[in-house]
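First comes the structure, then the notes that go with it.
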Amino acid sequence: GWTAAGQVASGVGVPADQVRFADVNADGFADYLSVATGGAVQAWLNKGGTGIGGWTAAGQIASGTGAPGSSVRFADVNADR
62 GWTAAGQVAS GVGVPADQVR FADVNADGFA DYLSVATGGA VQAWLNKGGT GIGGWTAAGQ
122 IASGTGAPGS SVRFADVNAD R
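Residues are numbered in our numbering as their position in the sequence shown, beginning at 1, plus a constant of 61.
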């Protein structure tokens with residue numbers, strides 16, 4: 062049982078290889094992250110529900126380290142959620 066939900070978000074115009082999903086605000090929902098070439102990260106917070114219209118722009122949440130965006134990963138390193 063899976064049912065197609067259709068398009069849940071229109072996207073933000075970045076290449077797919079720059080997109081990550083991680084729960085950055087510890088609410089239990091995967092947030093949409095765009096990682097730029099130098100590692101800077103823009104976030105859209107998932108408000109839950111059906112996902113349609115359920116995103117809030119959080120702006121830039123990390124300035125980057127100069128590492129290639131393709132090398133950036135996200136993980137919970139302090140087990141807070």
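Positions of the beta carbon are idealized from the N, C-alpha and C atoms, including for glycine.
Tell me residue i's beta-bridge partners as DSSP assigns them.
i: D92; result: A83
i: V166; result: A query on residue 166 cannot be resolved here, the shown segment of the chain reaching from 62 to 142 and no further.
Can you have a look at residue i and say buried or exposed, based on whether 16 or more other CB atoms are within 10 angstroms of its CB?
i: A127; result: Correcting the residue type first, residue 127 is Gly in the shown sequence and not Ala. G127 is exposed by the Cβ-count criterion.
i: D92; result: buried
i: G74; result: exposed
i: A65; result: exposed
i: A104; result: buried
Taking the alpha carbon of residue i as the point to measure from, which residue in the options has its own alpha carbon closest?
i: A136; options: Q103, A123 and A83; result: A83
i: I122; options: P129, N107, S131 and A101; result: A101
i: P163; options: T98, N139, K108 and V138; result: In the structure displayed, the chain extends from 62 to 142; residue 163 sits before or after that span and is not available.
i: F90; options: P76, W116 and D78; result: W116
i: K108; options: Q79, V96 and V85; result: V85
i: A77; options: A119, N139 and L94; result: L94
Quick check: does the Cβ of residue i come within less than 6 Å of any heavy atom belonging to the ligand ATP?
i: T117; result: For the ligand ATP, the structure offers nothing, since it holds no ligand at all.
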